[in-house]
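One structure below.
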Amino acid sequence: MKPDPQTTLMINTASDPATIGFQGSFTNVASGRAVSTQLLRQIDTLLRQCGAQLEDVSAIAVTIGPGSFTSLRIGIAAANALAWTRSLPVIEVDKESAASPELFQVFVRQACRDRRFVKSAMPNYGRPPSITPLPNGS
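In this text, residue positions in the sequence shown follow the numbering used here: the first is 51, and each later residue adds one.
Written out as structure tokens, the structure reads:
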């Protein structure tokens, strides 16, 4: 299937709340840590609401940052895993280009037209990740 903006699944976990979109429909997923438990379930729900399933997705667009380490990692891991299972191209989208559903759709249309795809997305945290070390003895 040729990548088509209308059938590109859009995942934005760089913003809070996280959002997903398909066929012009966008929905908020969750805020904060709840993204990890809600993202895949909400993707399934959105696709069903659009009368589609994963087999109808032609590409996956995902925000790569800058943003929260955990949120970006969750969105990118989900996008890469879904793309890998179906051999779909991935579109990397910066946070500014996904600031609104309209801007996200414009970016995806241009990326599909220009064939700007990758096999898997890589995060851009905007700075080195800030990971809290475990306390001594843990």
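We put the CB at the ideal spot given by N, CA and C, even for glycine.
- Residue N62 holds the alpha-carbon nearest to the alpha-carbon of R123 among T58, N62, N186 and P185.
- Classified as exposed, Q103 has fewer than 16 neighbouring CB atoms from the shown chains inside 10 Å of its CB.
- According to the DSSP secondary-structure assignment, S75 is paired through a beta bridge with F72.
- For secondary structure counted as the alpha helix (DSSP H) over 4 or more consecutive residues, the stretch 92-166 holds these complete runs in sequence order: 119-136 and 151-164.
- For the set E152, F167, G176 and R98, the Cα lying nearest the Cα of A129 is the one of F167.
- In the three-state reduction of the DSSP assignment, T58 falls in the strand class.
- With distances taken between CA atoms, C100 lies nearest to L59 out of I114, P178, L59 and P53.
- Distance between A131 and E142, taken at the CA atoms: about 14 angstroms.
- When the five nearest sequence neighbours on each side are left out, the beta carbons in the same chain lying within less than 8 angstroms of the beta carbon of Y175 are those of G115, P116, G117, F119 and L122, in order along the chain.
- Looking at the backbone, the Cα of I93 and that of T87 are separated by about 12 angstroms.
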